[in-house]
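Residue numbers (the working numbering): 790 to 1597.
Backbone N, C-alpha and C define an ideal beta-carbon position, used for all residues, glycine too.
Input: a single structure, listed below in structure tokens.
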């Protein structure tokens, strides 16, 4: 069936009157619903069949019908058959039987473009009842029906029937038209697209109510006028010309766009479709304001993208290039010598190792990730710039990922400048480092010259008195020399702490217990004008730390706080807490994420400026008057805490006070229950225990050996690691090894101790050192039965330490 017949059949389906469409050979092409109901048939039963096979009739009626068809085809004018009889199959209980039907039929030609009859439209009027009545009257014996009256009766009856038929037809048509009008009005009211009917001059005759909703104008303000009064001035002449074109029948207007001003003064954009229908123009508009805004925004965005000097490229899920700007094409040509094309698989254009990297980036974007990376991409024979690549997914309206994009920025110049800046900063740091070293060595030289001067003077006086045989008061000069030695030792320890190279004897420690034992000493140190409060957190975690160094650090901070509160005094608060740092908080404190114990010392003193707070850990930096302190105290605290895996932070405000906070890493374990015992209780002679002493400093080796022998021990000595290890291997039994950590000969003290323990498990080892790496001793690396003592040391303390170790 052609599209014209299909459209015609759909049009006739809406009519309450029966219609049948036949082609030139009288085959049934289409029928409307009313026709199918009237004959009790399905369309599939009759379509494509010859009309008289579908509806059998007698030969006389068939001849009349064919003659009517031929007349219509010949004259191309409608023809009416007075009476057509055919048999209609009955339904229900009467199935299998046929019912006679009588129709008065009008045949109307449908012409093609050449003016020839293409189809014939059959419009029947059912006159079955009238024909049966007429035949009954004619055959009834009880009626005096004279021949001359029959024709009059027939004509009267025919006129009455025709009138009745026309009345019924008019009523049906009126009802149908009313229904169509109602449907049109409903469509008119409900449609979101505005309609308007104009005359041929463009004056509005009627309009749908949605115009008021869109523009705000009442319908009575729109009807009877052309639209020029509310059109954008730039659109008036264009609209008028389009009205003329459509009115002349030359153009069916489609997708014409203009702008109407609303009651609020803003213009809205409409896309029009219009056609002339007699003396009327039928017009339908669509409000495309938002679409126009989006299109304009898209055009601007495209202009921005195209004018961007940074390469922008979009890819589909197969890595093919589906869009890119000029910069992408130019920069790729610059770096690879190839002008890219749409549809090319982007990673395939790169070198293999670069292709793999970029494919991985696109995969991340296709998975929905947005990120920025830096990479070097290009052909080494041309140029390989540093790129900052921003990747993201392309999404459809439903949110699904349909592709990916990247925005590339050549940062080669920035990288070069950063490298130059880093180099400059390194030079500056080196200069600052050398300045600090100069300041440090100058301070050390000053302090050590004072100490050496005291020792030298005391020894010179002592030597002179001994020559003269004057022994009275020599203990006084010996004490002076020893005091200078102790001060020099303390200074050395501070330097090692600052350098994070001191020997730490780290053990699991309960900080609350440590501070509780230190509280009285702190109170005596800061004086009566300072109120001291120690607040220990409940459930405080254990830390692994050198307890004596932590005590010294806290005491040092407390003394600094006391000085900041002079002369009036104030309040000093020492507080502990558990801290749990995530990656962000840890990064702020320059620590690894994890669990820490904080020890804070807060005073109500004068506070510090920002500039001073930035320098307080520098060696020999102090705000105290000349001669008060060594200016190494805070440097020592900082070095100790950093060497213990922690961090120090200062929080200060001028005239309000300062908080110094130590953060030390948590130790998973219980603190040592055994308290440090008084070493003086172990001072006493040995019982002949065998000791091997390895020390490369001859003077110290001789003195310590003699003192051990005098204390009752059996001592064998060596000056380097290999010779000491040979003594250990040859000896059948050794009770204790005393060794320096730093030894000549290729074996350090720790290596000698480990080797000796292979042949003598459980051998007691005491390390003596003035400088030790954490990997050698301390900080948790020593095994059970190993201890350490730091140079310079009191010989009595060393003997007590050995006694303690041998009796454990």
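(request) Would you kindly check if the distance between the Cβ of residue 1425 and the Cβ of residue 1437 is under 8 Å? (result) no
(message) Please report the distance separating the alpha-carbon of residue 1377 from that of residue 1556.
(response) 38 Å
(message) If I follow the unbroken beta strand (DSSP E) through residue 1354, where does it start and stop?
(response) Note, residue 1354: premise wrong, no beta strand (DSSP E); not H, not E.
(request) Say whether the region 1580-1589 touches the region 1489-1503, bearing in mind that this needs 3 or more beta-carbon pairs closer than 8 Å, one atom from each stretch. (result) yes
(message) Suppose the cutoff is 7 Å on Cβ atoms and the five residues either side in sequence are ignored; what does the same chain contact list for residue 791 look like?
(response) Interpretation of residue 791 is limited by its pLDDT of 40, a score under 50 that renders its predicted location unreliable; the figure taken from the coordinates is listed afterwards. No residues qualify anywhere along the chain.
(message) If I measure Cβ to Cβ from residue 1441 and keep anything under 6 Å in the same chain, skipping five residues before and after, which residues do I get?
(response) 1396, 1397, 1402, 1447
(request) Would you kindly check if the distance between the Cβ of residue 1139 and the Cβ of residue 1151 is under 8 Å? (result) no
(message) For the pair the region 1364-1383 and the region 1338-1351, tell me if three or more CB-CB distances fall below 8 Å.
(response) no
(message) Taking its Cβ as the centre, do 16 or more other Cβ atoms sit within 10 Å of residue 809, making it buried, or is it exposed?
(response) buried
(request) Give the straight-line distance between the Cα atoms of residue 1182 and residue 1325, rounded to the nearest whole angstrom. (result) 53 Å
(request) Just confirm the distance between the C-beta atoms of residue 1194 and residue 1072, as a whole number of angstroms; I'd bet it's less than 8 Å. (result) Incorrect: roughly 43 Å between the Cβ atoms, too far for contact.
(request) Please go through the same chain and pick out, in chain order, the residues whose beta-carbon is closer than 8 Å to the beta-carbon of residue 986, but skip the five residues on each side of it. (result) 993, 994, 995, 996, 1069, 1070, 1071, 1072
(message) Measuring only the C-alpha atoms, how far is residue 1551 from residue 1518?
(response) 15 Å
(request) Could you tell me the distance, in whole angstroms, from the CA atom of residue 1526 to the CA atom of residue 1264? (result) 34 Å
(request) Kindly indicate the opening and closing residues of the alpha helix (DSSP H) around residue 823. (result) 822-828
(request) List in chain order: all unbroken beta strand (DSSP E) runs of 3+ residues lying wholly within the region 1086-1138. (result) 1101-1105, 1110-1113
(request) Have a look at the DSSP bridge pairing and note the partners of residue 1005. (result) Beta-bridge pairing links residue 1005 to no other residue.
(request) Since I believe residue 827 is in contact with residue 845 (beta carbons under 8 Å), could you give me their beta-carbon distance rounded to a whole number of angstroms? (result) Incorrect: roughly 17 Å between the Cβ atoms, too far for contact.
(request) Name, in chain order, the residues that DSSP records as bridge partners for residue 912. (result) 895
(message) Quick check on residue 1098: buried or exposed, where buried means 16 or more other Cβ atoms within 10 Å of its Cβ?
(response) exposed
(request) Using the Cα positions of residue 816 and residue 841, report the straight-line distance between them to the nearest angstrom. (result) 9 Å
(request) Express the C-alpha separation of residue 1197 and residue 1341 in angstroms, rounding to a whole number. (result) 56 Å
(message) If you measure between the beta carbons of residue 1188 and residue 1106, is that distance less than 8 Å?
(response) no
(message) For residue 1043, list the residues DSSP reports as bridge partners.
(response) 1062
(message) DSSP has residue 1479 in a bridge; who is on the other side?
(response) 1503
(request) For residue 898, count neighbouring Cβ atoms within 10 angstroms of its own Cβ and tell me buried if that reaches 16, exposed if not. (result) buried
(message) Which complete beta strand (DSSP E) runs does the region 1340-1395 hold, if anything under 3 residues is left out?
(response) 1359-1370, 1383-1392
(request) Name the two residues that bound the continuous alpha helix (DSSP H) containing residue 1152. (result) 1141-1155
(message) If I measure Cβ to Cβ from residue 1044 and keep anything under 7 Å in the same chain, skipping five residues before and after, which residues do I get?
(response) 1060
(request) Look up residue 1269 in the DSSP assignment and say whether it is helix, strand or coil. (result) helix
(request) Report the rounded CA-to-CA distance for residue 864 versus residue 831, giving the unit in angstroms. (result) 32 Å
(message) So, with DSSP's three-state summary, where would you put residue 1298?
(response) strand
(request) In angstroms with no decimal places, state the Cα-to-Cα distance between residue 1001 and residue 1046. (result) 19 Å
(message) Assuming the contact rule is C-beta atoms closer than 8 Å, residue 1003 and residue 1053 should be a hit. Round their C-beta distance to whole Å, please.
(response) Their Cβ separation, rounded to whole angstroms, is 11 Å, which puts residue 1003 and residue 1053 out of contact at 8 Å.
(request) Give the secondary structure of residue 1436 by DSSP, where H, G and I count as helix, E and B as strand, and everything else as coil. (result) strand
(message) For a quick check, are the C-beta atoms of residue 1535 and residue 1510 less than 8 Å apart?
(response) yes
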